[in-house]
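Protein chains in written order, with the working numbering: chain A, 1 to 278; chain B, 1 to 345; chain C, 1 to 304. The beta-carbon is built from N, C-alpha and C at its ideal position, and this holds for glycine as well. The structure appears right after this line, and notes come after that.
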C-alpha cells in the first residue's frame, strides 16, 4: 500500500476497497496468469523453441494468425461499408441493422459455432449452393475464415461509428468549396481522417479472431496442419497431459495478444489527435 | 467581380431564414453582414457560396446565374468559423488541396503547385509552418492558413463566416486589422459575416445590418452609426440610451408631460427615444430638453457613467459625461441631447 | 449539420416560381453520393449482415424446431438438459455475484480517490478481455490440475476444484471479471465525488454514503454491467470446456451440452439448447439498448 501515493481524501474506505481490489485482482487474474509464465519458465529456452517450432504447432499458429488477419481485413472493408450505410444514410430497417451488428458479440460462441457449421455444411442453406459452385466451406480452412469473419463484424463498425458520427460537416464543405468532387472528398478527406479508428477496429477484430475457439471448432475440420487452430491444439495437448507444450503455445498467443493491445493503445492515442478542433 | 442577390427567400417550415433579401456587392468591396444569431446572415453567405440553396430568388456573379453551379464549380473561397482544416494533412497539403483536386485539364504541375503554395504562405506570413499539422498551430495561425487555402484556388470572391468568432479578444483584434490590410493588398470582392458590430464597423467598406431574415439597413459604417434607419439598427450598433416616450400630434411626452424634442413626421403612439450615451450634454437645471436627478455615479477612465432618473419617466437612464465637472448622487441636472432619434415602439 | 438537415435538402419544399424569377437550375447536394452508389452500398451492407448474422440466427431456431414443437420441448426437458441449465444458472450467479462485489469495490477505489498508477490498474483489470478463452481455462488447470501447482495440496485435502463447480465458477469469473468494473468506472468518474463529499460533511459514514448516495446514482450502470456479465457468463464455452472434464449430467453447462449433443448428431436437442442461449443473447441486446438510453440520460451536463 505504501508503494501507491495517496492524496489525503475526505472519503473513507480507500484502504479497504483498494486492498480488496488488489487481492481480488491477484487471486482471480494475476496469480493464475503468472502461473502460466511460471510453468513455461520450467522449460529451458531450447525446449521451448522445440515445442513452438514443431511442424504441427507452427501450422496451427499460422492458421490461427493468418486466417484471423485475412478475416480482419474482410471486416475492415465490409465494416466500413456497413458503418457508412448506418451513419450516412436513412433507409427502412436501419435501426434494426444497427442492432444486428452487435449479435456476434452477444451470441455465445458455441451457438455461433454450431449455427455456422450447420449453415455452411454441404447440405446447409449456404453450403449447398456453394458446394454446387465447387466451393466446400465446412471442415476446411475456409470454414475457419468464415467463422472468424463472423466474430469480428462488430469491431470495425463500433470503433469507427462514433468517429464517423462526430465528423465535422464543415470539413466536407471546405473540400467542396475548394473544388473537390464527391469521390475526391471521400477518398482524400473523409477516409484518411478515419484511418486511426479503422486500424484500431482492424487490430481488435484480429485479436478476437486469433483467440477464438467456440465459434470456430465446429466448422473447422480440425485436421492437424490443415485446419487446426492454435487454441484447439492447446486443448489437445492438455488432454494428452502434455502441459509444457500447452503452456508454451499459450505463452506465444498471450504475448501476441499483449502486443496487439499495446498497438491498439497507441492507435487510440493517435486517434485523439484527429478529434474535432472545437 | 460583382455579386447581385435578388429577392432571396429561404424558409424552414414556418421560420423564414431569409425574407426577400436583395443586395448588390461592388467589385473589390469588403462587405460585412452584421446581425444577431437567427438574422439570416450566415444563410445568405452559404447560399452565395453554394453550400445552401434558396427556395426562390436569384444570385448572379458578374451577371451570370451563379445558382446554375454547385459549390465546387463556383470558384468561391470560403473561410469557416472553426477553420475546417484537414487535420491529417500538413499545412502545406492543406493549402495545396484546392490545386490538387482540379480537373486534369487545368491542373498545374507539381512545381507550379509548390510555387503557388509558397506564395500564399508568404502572403499570410506563415511559410515557416509549412510542415506542421493543424493540431500544432494556434487559433490565429489556423485561421490564416484557412484563408491561404481558400485563396489558393484563385477564387472570384472570398466569403468568411464569423472568421474570428472562435478566437480570443486580443487575437481577434490583431487579425481584424490584418484582414483589412490583406484586403487592401489583394482587392478581392469579399463578404464576411459577424455578430460583432465593432468588427463590422472597423473592417468593412460597407455594412449590411440584418435581423430576422430581413435587411434593416445598408451603408458605410459611418452611415449606419450616425444615421440608423430603424430602432433595431440604433439599438444594435453602438451603445444607446432607450427611453420610452409618447408621440402625439408632433409632440413628445414623457409620462404625460411634454418635452421639447422634435417629432415631425412621426406616427402617434408609444415610441422609443434613442440617444448615444455620449451624445448627452449635462447642463444646469432648467436648460436642456430633459431634466433629471442623478441617482448613482461610477467613474472609470476618462468617463463618468451616471444613472439619471428623468422627470416623469418610469426607469432611469445611463449617460456618459466627461469628468471635468463631477456629478454627485442627488444632483438635479438638465440634459441636452446633441443627436437623437425617435422610433415607433 | 445533422443527417436530417442533409436529407431535408434532398427533398426540397417546392416553391412557386415568381414571375420573372428563374428557379435554381441545379440542386447538387454536396454531402451525398449519387443515388446508384448509395443503393449499392446499402445493398452490400444488408446482404453481408443478412448472410453472416441473420441466417445463422435463423438456422438455430429452424433446426431446433425442425422436428416440431413436441420434440423441441422434449429436448429441453431432458434430465441432462435441465441439469445443464441448472448448472449454467448456478455458475453464472456465482460469477456475476463475485464480479458485482468486485466491480463496485474496484470502481469505488479507482474513481473516488486519486493515486498514481490508476491507468495501469485499469489495464490490469482489463486483462481477461485480451486472453483467449482456452488460455483462460488453461491457467486454472495449471493451478489446480493433478500436475498443477496446487494439485497435490488439493488432493491431500480432498478438495475438488477442476471437473467440478468450483473450477467452472473460477474460470467463468476470470473471463467475466472486467464487465461490471468497466461499466461503472467511466460512469462514476463522470459523476465525480462532490455528492459523496457532501454526505460525509453532513456526518454520514462510508457505508451510509455508499448505499444512500452512490448506489442510487449508479444503478443503471450496475444493471448494465450485471447484464453483460451475465450474458457472457452463461455463454462462455472455451474456458469452461477446458476445466470441466465434460462429465455428463454433472459438469456440463449449456454451451458444453450443445457441443456434446452436436457431436453426437443429436441436432434437434443441440439446437434446442442453443436456441435458449440465442434467446438469452437477443434479450440481452434489447435490455442493453434500453439501459444505454438510461445511461445516456444520466450523463447530461451538470450546471457546474
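1) Tell me the DSSP secondary structure of residue 344 (chain B) in three-state form.
2) For residue 24 (chain A), return the contacting residues in chain C, with the cut-off set at a CB-CB distance below 7 Å.
3) Sorry if obvious, but does the Cβ on residue 261 (chain B) come closer than 8 Å to a heavy atom of the ligand NAP?
4) For the region 180 to 219 of chain A, list the alpha helix (DSSP H) runs that are entirely contained and at least 4 residues long, ordered along the chain.
5) Provide the residue span of the beta strand (DSSP E) that contains residue 21 (chain B), from first to last.
6) Indicate the three-state DSSP secondary structure (helix, strand or coil) for residue 320 (chain B) in the structure shown.
7) Residue 219 (chain B) lies in the beta strand (DSSP E); which residues open and close that run?
8) Rounded to whole angstroms, how far is the Cβ of residue 48 (chain A) from the Cβ of residue 248 (chain A), which I believe are closer than 8 Å?
9) Could you tell me whether the Cβ of residue 84 (chain A) comes closer than 9 Å to any Cβ of chain C?
10) What separation, rounded to the nearest whole angstrom, lies between the Cα atoms of residue 209 (chain B) and residue 47 (chain C)?
11) Just mark residue 82 (chain B) as buried or exposed, buried being the case when its beta carbon has 16 or more other beta carbons within 10 Å.
12) Runs of 4 residues minimum, wholly inside the region 72 to 160 of chain A: which ones carry the alpha helix (DSSP H) assignment?
13) Look at the alpha carbon of residue 125 (chain A) and the alpha carbon of residue 142 (chain A), and state the distance between them as a whole number of angstroms.
14) Does any residue of chain A bring its CB to less than 9 Å from the CB of residue 12 (chain B)?
15) Of the choices A:222, A:256, A:103, A:253, whose alpha-carbon is the least far from that of residue 280 (chain C)?
16) State the DSSP-derived secondary structure class of residue 94 (chain B), mapped to helix, strand or coil.
17) I want to verify the contact list: residues of chain A whose CB lies under 7 Å from the CB of residue 44 (chain B), in sequence order.
18) Contact between the region 17 to 26 of chain A and the region 174 to 193 of chain A: three or more CB pairs below 8 Å?
19) Under DSSP, the beta strand (DSSP E) around residue 336 (chain B) begins and ends at which residues?
20) Count the other CB atoms within 10 Å of the CB of residue 189 (chain B); is the residue buried (16 or more) or exposed (fewer)?
21) If you measure from the beta carbon of residue 229 (chain C) to each beta carbon in chain A, is any gap under 9 Å?
22) For a contact meaning CB atoms closer than 8 Å, what does residue 271 (chain A) contact in chain B?
23) Below 7 Å between beta carbons is the criterion; list the residues of the region 89 to 118 of chain B that meet it against any residue of chain A, in chain order.
24) Under a CB-based cut-off of 9 Å, is residue 159 (chain A) close to chain B?
25) Output the boundary residues of the alpha helix (DSSP H) element that contains residue 79 (chain C).
26) Could you work out which residues of chain A lie near residue 329 (chain C), taking near to mean beta carbons separated by less than 8 Å?
27) Please determine if the region 203 to 221 of chain A and the region 152 to 159 of chain A are in contact, where contact requires at least 3 C-beta pairs separated by less than 8 Å.
28) Leaving out five residues before and five after residue 228 (chain B) in sequence, what residues of the same chain have Cβ atoms less than 6 Å from its Cβ?
29) Check the Cβ-Cβ distances between residue 44 (chain C) and every residue of chain A, and say whether any is below 9 Å.
30) Considering only residues of the region 58 to 129 of chain B, which uninterrupted alpha helix (DSSP H) runs meet the minimum length of 4 residues and lie entirely inside it, listed in chain order?
31) Between residue 175 (chain A) and residue 185 (chain A), what straight-line distance do the alpha-carbon atoms span, to the nearest angstrom?
32) Report the residue from B:48, B:79, B:52 whose alpha carbon sits nearest the alpha carbon of residue 64 (chain B).
33) Would you list the residues sitting across from residue 3 (chain B) in a DSSP beta bridge?
34) Residues of chain A with CB under 9 Å from residue 51 (chain B), in chain order?
35) Given a threshold of 16 other Cβ atoms within 10 Å of its Cβ, counted over all protein chains shown, does residue 8 (chain B) qualify as buried or as exposed?
36) Considering only DSSP beta bridges, list what residue 257 (chain B) is partnered with.
Straight from the coordinates:
1) Residue numbering aside, residue 344 (chain B) sits at position 344 when the second chain is read from its first letter. Of the three classes helix, strand and coil, the one that applies to residue 344 (chain B) here is strand, per DSSP.
2) Counting from 1 along the first chain, the entry for residue 24 (chain A) is found at position 24. Result: 102.
3) With respect to the ligand NAP, the structure offers nothing, as it holds no ligand at all.
4) Runs of the alpha helix (DSSP H) lying entirely within the region 180 to 219 of chain A, each at least 4 residues long, are 191 to 211, 214 to 217 in chain order.
5) For the purposes of this step, residue 21 (chain B) is identified with residue 21 of the second chain, where counting begins at 1. 15 to 25 is the span of the beta strand (DSSP E), which, as asked, contains residue 21 (chain B).
6) One-based indexing of the second chain puts residue 320 (chain B) at position 320. When DSSP states are grouped into helix, strand and coil, residue 320 (chain B) belongs to the strand group.
7) Along the second chain, one-based indexing puts residue 219 (chain B) at 219. Note, residue 219 (chain B): beta strand (DSSP E), 214 to 219.
8) Locating residue 48 (chain A) in the first chain gives position 48, counting from the first residue. Locating residue 248 (chain A) in the first chain gives position 248, counting from the first residue. 5 Å between Cβ atoms; contact.
9) The residue you call residue 84 (chain A) lines up with position 84 of the first chain. Cβ-Cβ to chain C under 9 Å: yes for residue 84 (chain A).
10) Position 209 of the second chain holds residue 209 (chain B). Position 47 of the third chain holds residue 47 (chain C). Each residue's Cα considered, the two are about 54 Å apart.
11) By one-based count along the second chain, residue 82 (chain B) stands at place 82. Under this definition residue 82 (chain B) is a buried residue.
12) Runs of the alpha helix (DSSP H) inside the region 72 to 160 of chain A: 94 to 100, 103 to 106, 109 to 120, 127 to 132.
13) What you label residue 125 (chain A) is simply residue 125 of the first chain in a count that begins at 1. What you label residue 142 (chain A) is simply residue 142 of the first chain in a count that begins at 1. It is roughly 16 Å from the alpha-carbon of residue 125 (chain A) to the alpha-carbon of residue 142 (chain A).
14) Taking the second chain and counting its residues from 1, one reaches residue 12 (chain B) at position 12. Residue 12 (chain B) does not count as touching chain A.
15) As a working mapping, residue 280 (chain C) is identified with position 280 in the third chain. Considering only alpha carbons, the answer is A:103.
16) Counting from one through the second chain, the residue named residue 94 (chain B) turns up at place 94. Of the three classes helix, strand and coil, the one that applies to residue 94 (chain B) here is helix, per DSSP.
17) Translated into the one-based positions of the second chain, residue 44 (chain B) becomes position 44. Near residue 44 (chain B) there are no residues of chain A at all, since even the closest Cβ is about 16 Å away, more than 7 Å.
18) In short, these stretches do not touch, since the Cβ pair count stays below three.
19) Sequence index remark: in the second chain, residue 336 (chain B) carries index 336 (1-based). Per DSSP, residue 336 (chain B) belongs to the beta strand (DSSP E) from 332 to 337.
20) Taking the first residue of the second chain as 1, we reach residue 189 (chain B) at position 189. A buried status is given to residue 189 (chain B), since no fewer than 16 other beta-carbon atoms sit within 10 Å of its beta-carbon.
21) Here residue 229 (chain C) refers to the residue found at position 229 of the third chain. With 9 Å as the cut-off, residue 229 (chain C) does not count as an interface residue toward chain A.
22) Here residue 271 (chain A) corresponds to residue number 271 of the first chain, with the count starting at 1. Within chain B, no residue has its beta carbon less than 8 Å from that of residue 271 (chain A); the closest one is some 11 Å off.
23) Listed in sequence order: 97, 98, 101, 102.
24) Indexing the first chain from 1 puts residue 159 (chain A) at position 159. The Cβ of residue 159 (chain A) sits no closer than 9 Å to any Cβ of chain B.
25) Here residue 79 (chain C) refers to the residue found at position 79 when the third chain is read from its first residue. Residue range 79 to 111 is occupied by the alpha helix (DSSP H) that includes residue 79 (chain C).
26) Here chain C covers residues 1 to 304 and nothing more, so residue 329 (chain C) does not appear.
27) Taking 8 Å as the limit for Cβ pairs, the verdict is that the region 152 to 159 of chain A does touch the region 203 to 221 of chain A.
28) Sequence index remark: in the second chain, residue 228 (chain B) carries index 228 (1-based). Within the same chain, residue 228 (chain B) has close Cβ partners 234.
29) On the third chain, position 44 is the one that residue 44 (chain C) refers to. Closer than 9 Å: yes.
30) List check, alpha helix (DSSP H) in window: 91 to 100, 110 to 123.
31) What you label residue 175 (chain A) is simply residue 175 of the first chain in a count that begins at 1. What you label residue 185 (chain A) is simply residue 185 of the first chain in a count that begins at 1. If I take the Cα positions, the gap works out to 6 Å.
32) Position 64 of the second chain, counting from 1, holds the residue named residue 64 (chain B). Comparing Cα-Cα distances from residue 64 (chain B) to each of B:48, B:79, B:52, the minimum goes to B:48.
33) As a first step, residue 3 (chain B) must be located in the second chain, where it is residue number 3. When DSSP reads this structure, residue 3 (chain B) sits in a beta bridge with B:25, B:61.
34) As a first step, residue 51 (chain B) must be located in the second chain, where it is residue number 51. What residue 51 (chain B) touches in chain A: 173, 176, 177.
35) Here residue 8 (chain B) refers to the residue found at position 8 of the second chain. Around the CB of residue 8 (chain B), 16 or more other CB atoms lie within 10 Å, so the residue is classed as buried.
36) Here residue 257 (chain B) corresponds to residue number 257 of the second chain, with the count starting at 1. Looking at the DSSP assignment, residue 257 (chain B) forms a beta bridge with B:254.
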